[in-house]
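Here is the structure we will look at, set down as structure tokens.
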Amino acid sequence: MLVATLVIGRSYEALETHQANSDFFVIENAVRGNIETKVALMSEYGKWDVVHDFMLGQGEAPVSETGLSSSLRFANLDLIGFFCPKGLKYGVVRDEDENADQLALADMAAAYDMTEPGWSQLMDLMKPGFMMNGIIKSADGPLIVSTMPIVGTRDGGSHVGHIVIGSKIDADFIAAIKRKTNIDWTLRAEGELGLVELAFTSGQAEARAYTPHVSADKVITTKTALFQSENGKTSVLLSSNTPRFIVASGKSSLRTLTLFLAISMIIILLVLRIMLEKLLIGPISSLTNLIAGRALPKRRDVIQQNQRSDEVGDLYRTYNTLQRASEENTEALEAAVSKAKAASVSKSEFLANMSHEIRTPMNGVLGMAQVMRGTDLSEVQTHYVDLMYDSGMALMTIINDILDFSKIESGKMELDPEPFDLHCALESVIALLGSQARDKEIDLIAEIESLRDRTVVGDIGRIRQTVTNLLGNAIKFTSEGHVLIRATMEDVDARLSRVRIEVEDTGVGIPEDKLGLIFDQFTQAEGSTTRQFGGTGLGLSISRRIVELMGGTIGVKSEYGHGSTFWFELTLETQSSKPKPVAEPHTCDLSGVVFLVVDDIALNRRILSEQLTGWGAKAYCVDSAEKGLAVLRGVAARGSQTLPIVISDFQMPHIDGLEFVRQIRADATIAATPVMVLSSVGSDDVKREFRALGVESVLEKPALTGAVIRALQKMVPASARAAMSPETLATNPALNLHSAQPEPVVTATAPTANPKILVAEDNAVNREVMRLMCEGEPLDLHFVHDGQEAVNAIRVAQFDLVLMDISMPIMDGVKATQAIRRLEAQAKAPATPIIAVTAHAMNTERDRYLAAGMDDHLPKPLIKGNLLAMIAKWQGQTSQATQTAQKAQASAA
191 MLVATLVIGR SYEALETHQA NSDFFVIENA VRGNIETKVA LMSEYGKWDV
241 VHDFMLGQGE APVSETGLSS SLRFANLDLI GFFCPKGLKY GVVRDEDENA
291 DQLALADMAA AYDMTEPGWS QLMDLMKPGF MMNGIIKSAD GPLIVSTMPI
341 VGTRDGGSHV GHIVIGSKID ADFIAAIKRK TNIDWTLRAE GELGLVELAF
391 TSGQAEARAY TPHVSADKVI TTKTALFQSE NGKTSVLLSS NTPRFIVASG
441 KSSLRTLTLF LAISMIIILL VLRIMLEKLL IGPISSLTNL IAGRALPKRR
491 DVIQQNQRSD EVGDLYRTYN TLQRASEENT EALEAAVSKA KAASVSKSEF
541 LANMSHEIRT PMNGVLGMAQ VMRGTDLSEV QTHYVDLMYD SGMALMTIIN
591 DILDFSKIES GKMELDPEPF DLHCALESVI ALLGSQARDK EIDLIAEIES
641 LRDRTVVGDI GRIRQTVTNL LGNAIKFTSE GHVLIRATME DVDARLSRVR
691 IEVEDTGVGI PEDKLGLIFD QFTQAEGSTT RQFGGTGLGL SISRRIVELM
741 GGTIGVKSEY GHGSTFWFEL TLETQSSKPK PVAEPHTCDL SGVVFLVVDD
791 IALNRRILSE QLTGWGAKAY CVDSAEKGLA VLRGVAARGS QTLPIVISDF
841 QMPHIDGLEF VRQIRADATI AATPVMVLSS VGSDDVKREF RALGVESVLE
891 KPALTGAVIR ALQKMVPASA RAAMSPETLA TNPALNLHSA QPEPVVTATA
941 PTANPKILVA EDNAVNREVM RLMCEGEPLD LHFVHDGQEA VNAIRVAQFD
991 LVLMDISMPI MDGVKATQAI RRLEAQAKAP ATPIIAVTAH AMNTERDRYL
1041 AAGMDDHLPK PLIKGNLLAM IAKWQGQTSQ ATQTAQKAQA SAA
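So the number in this note's numbering is just where the residue sits in the sequence shown, counting from 1, plus 190.
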């Protein structure tokens, strides 16, 4: 289309140029014809003898005014003048009144100043034989003039002067030519100089032709030289402007043609699209929707397409085959899904029942451990009870892990964030696993000082669970060397901190090709490790899911045969206030006291010296018993009255801690040295041997801060020890590993009369646990063995609170609660608060209890503090059911 437009456009331009030349020739002929008419008239006058005689002064004016008027009118002239060599002899000009029958004439000499440059130049050129056609620029405007010599027929035609005729170049003159030619034309000067005083073409000189020029989009200008100046250069141009009707019409026609072709093309494309839609696109789109399941198949359409013999028919026939196979597969899949759902429900019920059956006896174990805490126990017994309690809690963690794995598979794991002391949480894990490290005679080292006095918001149970998994694995897979737990905290902003916890061991390590699988469920580094070390391979998978659920990352670095480092990072919210523990931790002032630390492991020396320095003491460290003996003997040799207190490791190369103490006691100069031993071996025989050598403080690693402080209190003389300060905390993490933070004990504030509490529990051990937990509290407990007995008790007595077990014979806790609510509604009595006390830990179960009319939920195993806090919470309160009914009545009123 573009090429056609260019070709046709150039043809139009050539045709238009030819038309412009033709129009110009018409104008040029009209102008030159006007001049030739004047020349013919002059020839007549110039040949008259009377004119010749008149010029010689031998007669009257050769032409009457009437004749001159007729000549002016006929030739459309404005002046006729007769010039002798001396100048104008006689001349007339047309008067302005053109409407009269006879033109009025005026004296030419009066009308024109013959001294003007144009007239002066013309008169200078009037030599014998001179004739010309040209233009004079006068004060009255430009004039087209023609001159002819005046000669007579006698005397050989002697020259006596010139006759000059002229016409004004005004609007009337140009309009008259336009009327004859119907073409726009003009006379103008060459360039920008304007008309010269005189321009002419003498003799028969031919004008120079000019090429037509397209001056604008609307016209074509054609011009040629009409007159020249005396030096022969072009002075006056004749030009014509031809409107560009041809190109304009051509462009309009092209636009019309282009529009027509475009519309035709659109119509053709629409027709083609409709045909393609009906024959190809439509059937294929329908088939696509059928495959995508966005439309139900219309049997008529499917049959119609099946009857086609082309490729579309083949597609539909193939689709029908696939559809039948898909329906069969779908039915089989739905059946499999139904079985899987039923299996999932069965599994969930099994897990819930298993959780209940395990939690019930664990409630007795842990409950009794808490009761024993309140009895008169020795220090060792208290320590053992604490470990028993922590171990039971660890077992509960394993039970919870089983439920967690089920929740992870179903995507229902939830977090329970709350403020807690991360330092204490890590200490409790380390204390719990310390005995395992001692049994394997490996060092368990902690570097967690940066977390002290920092309170964070998170799920403490999930974080402890993750740390327990990582630390327990490290101890499990390490047969010699040490296990180090390191924790750091870095502030992200004023509200958030990034916590990084690393567990490093010197154990078997992990092969490089297993690193990518180590966090997969049921996976361990080697198949044999399950038999050698035990475990399900589930801990790391759960840890990864927990860390990712908390928005953190977890990873591992390992070299096979050289140990591993597991780490995870969490971004936790920080709080300025610290949760208040039951017992404030202790510290001591050891300013001025000198210690000698003897340990072959540099990390142990560094951490212990930092702690002692933090307490104000001065600590010196050596890496062997030999060097320790040298230091002590050197101090004694200088005559020092006070020997440093020695803190020694037990398991060291060459000379162990026991032999080290023997040599100290055998040397009279240093035999009085106070010695504390830190041992990874928890053997009573070893302790007896040390005590036989005068070492009273033999602490097992990892040593608890409280135990270290109590030992130092006994060893450091009163004069060298400041008073204990319960308001401040120990500053170094190496030995700050006190036992797990006890549950807060909440004492119920009883009213004047002891609250009457009904306890429905079928398990005798659990009833005894609850009785002992509440012993010494101002509570009036009444026990029944099942739900039916609880309903009967409510019928005959009024209670302030009901603690209802769920799984009981005859009538379970849910049905008993519903029966109690019906009795209260019939009697229009206030609803008694009922607390669900259950080993069922699933969230769906808790919702079911509340929907049955229970007011709160207390999970097993019972924690004494939680139990008393729950009783205090609902003591003197109205049941939630009563509150709901009261609100409904108020709204109705």
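Glycine included, each C-beta is placed from N, C-alpha and C at the ideal position.
Option nearest S869 by Cα separation, candidates K946, T863, I854, V885: Position 679 of the sequence shown, counted from the start, is the residue given in the question as residue 869. Checked all of K946, T863, I854, V885; the closest Cα to S869 is V885.
Buried or exposed by the 16-neighbour rule on C-beta atoms within 10 Å, applied to R514: Position 324 of the sequence shown, counted from the first residue, corresponds to residue 514. Counting Cβ neighbours within 10 Å, R514 comes out exposed, since fewer than 16 surround it.
A301 to T446 span [Cα, whole Å]: As a first step, residue 301 is located in the sequence shown; it is residue number 111 there, counting from the start. As a first step, residue 446 is located in the sequence shown; it is residue number 256 there, counting from the start. Straight-line measurement puts the Cα of T446 at about 60 Å from the Cα of A301.
Residues near V354 in its chain [Cβ-Cβ closer than 7 Å; skip 5 each side]: Residue mapping note: residue 354 aligns to position 164 of the sequence shown, counting from 1. The residues are G271, F273, V335, T337.
Cβ-Cβ distance between L686 and T764 below 8 Å: Taking the sequence shown and counting its residues from 1, the one referred to as residue 686 is at position 496. Taking the sequence shown and counting its residues from 1, the one referred to as residue 764 is at position 574. Yes; because the gap between Cβ atoms is below 8 Å, this pair is in contact.
Alpha-carbon to alpha-carbon, H613 and T645: Here residue 645 is taken as the residue at index 455 of the sequence shown, counted from 1. Here residue 613 is taken as the residue at index 423 of the sequence shown, counted from 1. Cα-Cα distance, rounded: 9 Å.
Classification of D566 by the beta-carbon crowding that lies within 10 angstroms, buried from 16 upward: Along the sequence shown, read from residue 1 onward, the residue named residue 566 stands at position 376. Under this definition D566 is an exposed residue.
Nonlocal neighbours in the same chain, by C-beta distance under 6 Å from Y750, ignoring five residues either side: Within the sequence shown, residue 750 is the residue found at index 560, counting from 1. Correct list, in chain order: G699, P701.
Cβ contact check for the stretch 792 to 808 and the stretch 843 to 858: 3 or more pairs under 8 Å: no
C-alpha distance - M1060 paired with A664, whole-angstrom precision: Mapped onto the sequence shown, residue 1060 falls at position 870. Mapped onto the sequence shown, residue 664 falls at position 474. Taking the straight line from one Cα to the other gives about 39 Å.
Inter-residue Cα distance where the pair is D790 and M960: Locating residue 790 in the sequence shown gives position 600, counting from the first residue. Locating residue 960 in the sequence shown gives position 770, counting from the first residue. Answer to the nearest angstrom: the Cα atoms are 50 Å apart.
Ordered list of beta strand (DSSP E) runs contained in the stretch 637 to 674, each at least 3 residues: 645 to 648
CA-to-CA distance, A526 to L1026, given in whole angstroms: Locating residue 1026 in the sequence shown gives position 836, counting from the first residue. Locating residue 526 in the sequence shown gives position 336, counting from the first residue. Note that residue 1026 is Ala in the sequence shown here, rather than Leu. A1026 and A526 have their C-alpha atoms spaced approximately 37 Å apart.
Three-state secondary structure (DSSP) of L205: Locating residue 205 in the sequence shown gives position 15, counting from the first residue. Assignment of L205 by DSSP, reduced to helix, strand and coil, places it in the helix class.
Chain-order list of residues whose beta-carbon lies under 8 Å from that of R852 (same chain, five-residue window excluded): What you label residue 852 is simply residue 662 of the sequence shown in a count that begins at 1. Closer than 8 Å at Cβ, skipping near neighbours: L883.
Proximity below 8 Å, CB of M998 to CB of K1054: Position 808 of the sequence shown, counted from the start, is the residue given in the question as residue 998. Position 864 of the sequence shown, counted from the start, is the residue given in the question as residue 1054. The beta carbons of M998 and K1054 sit no closer together than 8 Å.
Three-state secondary structure (DSSP) of I474: Sequence index remark: in the sequence shown, residue 474 carries index 284 (1-based). In this structure, I474 counts as helix in the three-state DSSP scheme.
P1049: first and last residue of the uninterrupted beta strand (DSSP E) it sits in: Mapped onto the sequence shown, residue 1049 falls at position 859. Taken as a continuous stretch (DSSP letters only), the beta strand (DSSP E) holding P1049 covers 1046 to 1049.
For L819, the three-state DSSP class (helix, strand or coil): Taking the sequence shown and counting its residues from 1, one reaches residue 819 at position 629. Helix.
Segments of 3+ residues assigned as beta strand (DSSP E) that fall wholly inside the stretch 840 to 890: 865 to 869, 887 to 890
Neighbourhood of T678 by C-beta distance below 6 Å, restricted to the same chain and skipping five residues each side: Stepping through the sequence shown from its first residue, residue 678 is reached at position 488. Counting only Cβ-Cβ distances below 6 Å, and skipping sequence neighbours, we find S640, R690.
Same chain, Cβ closer than 7 Å to D995, five either side skipped, listed in chain order: As a working note, residue 995 is residue 805 in the sequence shown. Excluding sequence neighbours, D995 sits near A950, E951, D952, G1003, V1027, T1028.
CA-to-CA distance, A204 to S261, given in whole angstroms: Start at 1 with the first residue of the sequence shown, and residue 261 comes out as number 71. Start at 1 with the first residue of the sequence shown, and residue 204 comes out as number 14. Cα to Cα, the separation comes out at about 44 Å.
Status (buried if at least 16 other CB within 10 Å, exposed otherwise) for D633: Within the sequence shown, the letter at position 443 stands for residue 633. That one is buried.
P318 burial status per 10 Å Cβ neighbour count (16 or more: buried): As a first step, residue 318 is located in the sequence shown; it is residue number 128 there, counting from the start. Exposed is the label assigned to P318, since fewer than 16 other Cβ atoms lie within 10 Å of its Cβ.
Assigned secondary structure, S348 (DSSP; H/G/I helix, E/B strand, else coil): Stepping through the sequence shown from its first residue, residue 348 is reached at position 158. In this structure, S348 counts as coil in the three-state DSSP scheme.
DSSP state of G724 mapped onto helix, strand, coil: Start at 1 with the first residue of the sequence shown, and residue 724 comes out as number 534. Summary for G724: the model assigns pLDDT 43, below 50, so the residue's position carries little reliability, and this model does not support an answer.
Outcome for S454 when other beta-carbon atoms lying within 10 angstroms are tallied against a minimum of 16: Position 264 of the sequence shown, counted from the start, is the residue given in the question as residue 454. Taking every protein chain shown into account, the CB of S454 has fewer than 16 other CB atoms within 10 angstroms, so this residue is exposed.
Residue burial classification, G564 (beta-carbon count within 10 angstroms, cutoff 16): For the purposes of this step, residue 564 is taken as the residue at position 374 of the sequence shown. G564 should be labelled exposed.
Status (buried if at least 16 other CB within 10 Å, exposed otherwise) for P473: In the sequence shown, the residue the question calls residue 473 occupies position 283. With a 10 Å radius around the Cβ and a threshold of 16 neighbouring Cβ atoms, P473 comes out buried.
Cβ neighbour criterion (16 or more within 10 Å) applied to D213: By one-based count along the sequence shown, residue 213 stands at place 23. Here D213 is buried. Its C-beta has 16 or more other C-beta atoms within 10 Å.
Distance CB(D268)-CB(V283) smaller than 8 Å: Counted from its first residue, the sequence shown places residue 268 at position 78. Counted from its first residue, the sequence shown places residue 283 at position 93. Going by C-beta atoms, D268 is nearer than 8 Å to V283.
Euclidean distance between Cα positions of D681 and R688: The sequence position of residue 681 within the sequence shown is 491, counting from 1. The sequence position of residue 688 within the sequence shown is 498, counting from 1. Using only the alpha carbons, I get a separation of about 6 Å.
Three-state secondary structure assigned by DSSP to F709: Locating residue 709 in the sequence shown gives position 519, where the first residue counts as 1. Note: F709 maps to coil in three-state DSSP.
For S731, three-class secondary structure by DSSP: Position 541 of the sequence shown, counted from the start, is the residue given in the question as residue 731. Looking at S731 - three-state DSSP - the assignment turns out to be helix.
Check whether L833 and V825 have beta carbons under 8 Å apart: Residue numbering aside, residue 833 sits at position 643 when the sequence shown is read from its first letter. Residue numbering aside, residue 825 sits at position 635 when the sequence shown is read from its first letter. The answer is yes: Cβ separation under 8 Å.
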